[in-house]
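Peer 1: The structure follows.
Residue numbers (this note's numbering): 208 to 360.
This is how it looks when you write it as structure tokens:
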């Protein structure tokens, strides 16, 4: 047995100790959780009710980074679903639809007029996206395409 009174008698390791909560909140921050999300975890760490059980907490403490990122994203989606009106959700869907139509139209704009019209069909969002690109800064608009788009709406 080493002599406890000698300086080199016991191996001494300087280790920083953290609680499970401190370690977990640091991981959450590193994985991109917002300060509000971290604060919600801190506030409910020991309040076991409903789905939040000691077993669930243990599971999250030992979850891999990808799994924990998924939990963070699922929490954001749940929060968004619970706090978004139908009108806001529809506006988001329409905005995404317009961005998609603009992106696809930019890839197809140099095609033939019949192929563009076949892609547009009777979709007013796609027609608007093609019209925006066709009447852009270049000034070389195809009149047959524009007149066909005007008929769509």
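Think of the CB as a built atom: it goes at the ideal place given N, C-alpha and C, for glycine as much as any other residue.
Identify the continuous alpha helix (DSSP H) that holds residue 238 and give its terminal residues.
Peer 2: Reading the chain shown from its first residue, position 31 is the one you call residue 238. Counting along the chain, residue 238 falls outside any alpha helix (DSSP H), and DSSP gives it neither H nor E.
Peer 1: Looking only at its chain, what residues have a beta carbon closer than 8 Å to the beta carbon of residue 342, apart from the 5 residues adjacent to it on each side?
Peer 2: As a working mapping, residue 342 is identified with position 135 in the chain shown. Closer than 8 Å at Cβ, skipping near neighbours: 348, 353.
Peer 1: Go ahead and label residue 333 buried or exposed: buried means 16 or more other beta carbons lie within 10 angstroms of its beta carbon, across all protein chains shown.
Peer 2: Numbered from 1 along the chain shown, position 126 holds the residue referred to as residue 333. The residue in question, residue 333, is buried, as its Cβ has 16 or more Cβ neighbours within 10 Å.
Peer 1: Tell me the residue span of the alpha helix (DSSP H) that contains residue 288.
Peer 2: By 1-based counting over the chain shown, the position of residue 288 is 81. Here the alpha helix (DSSP H) through residue 288 covers 272 to 289.
Peer 1: State buried or exposed for residue 224, treating a residue as buried only when at least 16 other CB atoms are found within 10 Å of its CB.
Peer 2: Here residue 224 corresponds to residue number 17 of the chain shown, with the count starting at 1. Exposed.
Peer 1: Return yes when at least one heavy atom of the ligand HEM lies under 7 Å from the C-beta of residue 332, else no.
Peer 2: The ligand HEM is absent from the structure shown, which contains no ligand whatsoever.
Peer 1: Going by alpha carbons, who is nearest to residue 267 out of 308, 228, 291, 313?
Peer 2: Here residue 267 refers to the residue found at position 60 when the chain shown is read from its first residue. Closest by alpha carbon: 228.
Peer 1: Decide if the stretch 294 to 302 is in contact with the stretch 316 to 326; the criterion is three or more beta carbon pairs, one per stretch, under 8 Å apart.
Peer 2: No, they do not touch.
Peer 1: Any idea which residues DSSP pairs residue 259 with across the strands?
Peer 2: Walking along the chain shown from the start, residue 259 turns up at place 52. Paired residues: 256.
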